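Remarks on the structure that follows.
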Amino acid sequence: MPAAPIFKSDFLRTFAERGAYYDCSGAEELDKLFATERVTTYIGFDCTADSLHVGSLVQLMTLRRLQQAGHKPILLMGGGTTKAGDPSGKDETRQLLTNEQIEANKNSILSGVQHLLKFGDGPSDAVLVDNAEWLDKIEWIPFLREVGRHFSVNRMLTMESVKIRLEREQPLSFLEFNYSIMQAYDFVELYKRYGCRLQSSGSDQWGNVVSGIDLGHRLANVQLYGLTTPLITTASGAKMGKTAAGAVWLNAGRVSPYDYWQFWRNTEDGDVGRFLRLFTDMKLDEITRLESLQGAELNEAKKILATEATAILHGREAADKAAGTARQAFEQGGMAEGLPTISATLPDGILNLAVAAGLVASNSEARKLIANNGLKLNDVAISDPKFMVEASALNADGVLKLSSGKKKHVLMKPA
RNA sequence: GGAAGGGUGCCCGAGUGGUUAAAGGGGACGGACUGUAAAUCCGUUGGCUACGCCUACGUUGGUUCGAAACCAACCCCUUCCA
């Protein structure tokens, strides 16, 4: 990672102090721009799913900090690019999404980030833009004449992403080859429509960002800028955001605030300080204090991380509730009301209940879990797969707690 | 259009007629140890009404007592040539 320059503007300085800075183009000029005017900045996301996940959070936090510093963020949805489909991946003949699906995904994604960014018409309010607005209307020949002539294949072949594929003799379709052109075009189009001067992205997108800057010179005679964030991995080197249940989605419908809180609570020791800087709004000196905690005391810092990160995404109330639920479930061994709750009909076999609770995918899996001593009813391990759960197992509040391992709990209420 | 190689479980990858629900690795899950961490060690990793049965090695059909493996057609991927 290049050493971060000393920035004068509030935004870039904060951005760098929080560990989100990887590289940028024209550092000095960009710094000056940030210090003197409101800068409109965009980040692109694809909309193949109905929610973003934690992997996009660094980017979203970038937009949040921009907005906090009084600048204007644009969330660019790749509606147009999504229609082309991502051809990488071997033999999955990936289904192309219909327009309705893409539209639904966009709305859903937007609803998932409502707490992170303030959307609206104000000068620094975030806006959502879909690149289908212009990509859909492109005509082949005019596009080639206007835009295509500015792209040198010779140079595109030297781009890192392309070069790697060629060197490894991996296939690279024409469509993929065009992604960088589309992305470059998006940048210029956003400049024309919204006066957008800066594109932020992960460091892997650098080549595409530079293409956009270049195209800005040629088509609009304007100086555009790029700002990249580092790739975030965990201290033990794993890609961030993959857990048991798959990706950690941002939408509450996919991953509940409670589970989201748990995700952050289970952060590795070595990541606590870094994550506090990146993913919360906490003051830096407070973070310095928290990350200096040793051994088990670091758990306190993890709880704060979990609550703060959850508050940013789901709101303060949901975060406090998740924290409270966790406290009851883990520290007081209680029934913790806020745990995911499903309804059940008693009496029923323990296998059925475990499947109904979503703790396991099948009866067989439940049997295996029991054989491994991992399935608990009201905190007592079950040893008999044929165990019948009677209504008498309900506690005073009329619920029963089913657990897989030590961390995953579900409450069951008679229907 | 021609030639060659290939499609195996969540992923990578072995397997070229029976002992194969399919080696090995990764990942994941559970257990032990801990601090709801990491590392380490152990176990599990297709389904079911479960000492048995069902479904699975791109698709369909065939050869055989018996096929992931052999044959045919088709689909898809990769590479080289035009």
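Each residue of the first sequence is one higher than the one before, counting from 28 in my numbering. Glycine included, C-beta positions come from ideal geometry on N, C-alpha and C. Please read these numbers as outputs of a predicted model, since none were measured by experiment.
Restricting attention to Pro257, Lys433, Gly385 and Ile129, the CA atom closest to the CA of Ala356 is found in Lys433. In the DSSP annotation of this structure, the continuous segment of the alpha helix (DSSP H) that includes His341 starts and ends at Leu325 to His341. Judged by beta-carbon spacing, Ile409 lies beyond the 7 angstroms limit of Ile369, meaning their Cβ atoms are not closer than that value. Counting of Cβ neighbours within 10 angstroms places Pro150 among the exposed residues, the total staying below 16. Under the DSSP assignment, Ile101 falls outside any alpha helix (DSSP H), being part of the beta strand (DSSP E) whose first and last residues are Lys99 to Met104. Between Leu93 and Thr68, the beta carbon gap of about 5 angstroms places them in contact (Cβ cut-off 8 angstroms). Between the stretch 72-85 and the stretch 132-139 there are three or more C-beta pairs closer than 8 angstroms, enough to call the two in contact. Looking at the DSSP output, Gly253 shares a beta bridge with Gln226.
Three or more Cβ pairs closer than 8 angstroms define a contact, and the stretch 295-306 meets that threshold against the stretch 321-336. Annotation: the continuous alpha helix (DSSP H) that includes Lys133 extends over Asn126 to Gly139. Beyond the five residues adjoining it in sequence on each side, Leu380 comes within less than 7 angstroms, by CB distance, of Ala371, Val416, Leu429 and Met439 in the same chain, given in chain order.
As DSSP reads the structure, Tyr69 sits in a beta bridge with Ile101 and Gln226.
Burial is judged here by how many other beta carbons sit within 10 angstroms of a residue's own beta carbon; Trp233 has at least 16 and is buried. Per the DSSP secondary-structure output, Phe146 pairs in a beta bridge with Ala153.
Where Ile377 is concerned, the enclosing alpha helix (DSSP H) starts and stops at Ile377 to Ala383. According to DSSP, residue pairing for Ile369 in a beta bridge involves Met439. Leu254 sits away from Cys74, with the two beta carbons spaced by 7 angstroms or more. Taking every protein chain shown into account, the CB of Asn126 has fewer than 16 other CB atoms within 10 angstroms, so this residue is exposed. In the three-state reduction of the DSSP assignment, Asp58 falls in the helix class. In the pairwise beta carbon analysis, the stretch 233-245 is classified as not touching the stretch 89-106: fewer than three pairs are separated by under 8 angstroms. Residue environment analysis places Trp167 among the exposed positions, since fewer than 16 neighbouring C-beta atoms fall within 10 angstroms of its C-beta.
Membership of Leu311 in the alpha helix (DSSP H) is indicated by the continuous run Leu311 to Glu318. By the neighbour-count criterion, in which 16 or more other beta carbons inside 10 Å mark a residue as buried, Val156 falls on the buried side.
One Cα belongs to Gln321, the other to Ile314, and the distance between them is close to 14 angstroms. From the listed residues Tyr218, Glu295 and Lys164, the smallest Cα separation to Met267 is found for Glu295.
Among the bridge pairs identified by DSSP, Ser431 is matched with Leu402 and Lys435. Judged by DSSP in its simplified three-state form, Thr89 adopts helix.
DSSP places Ala247 in the uninterrupted alpha helix (DSSP H) bounded by Trp233 to Ala247.
For Lys219, the enclosing alpha helix (DSSP H) covers residues Phe201 to Tyr221. For Leu305, the enclosing alpha helix (DSSP H) begins and ends at Val299 to Phe306.
Glu216 is positioned such that its CB atom lies closer than 7 angstroms to that of Trp161.
Excluding sequence positions up to five before and after Phe38, its CB lies within less than 6 angstroms of the CB of Phe61 and Ala96, all in the same chain and listed in chain order.
Residue environment for Asn248: exposed (fewer than 16 other C-beta atoms within 10 angstroms of its C-beta).
Thr260 is bridged by DSSP to Lys266. Here Gln86 is buried: its Cβ has 16 or more other Cβ atoms, across all protein chains shown, within 10 Å.
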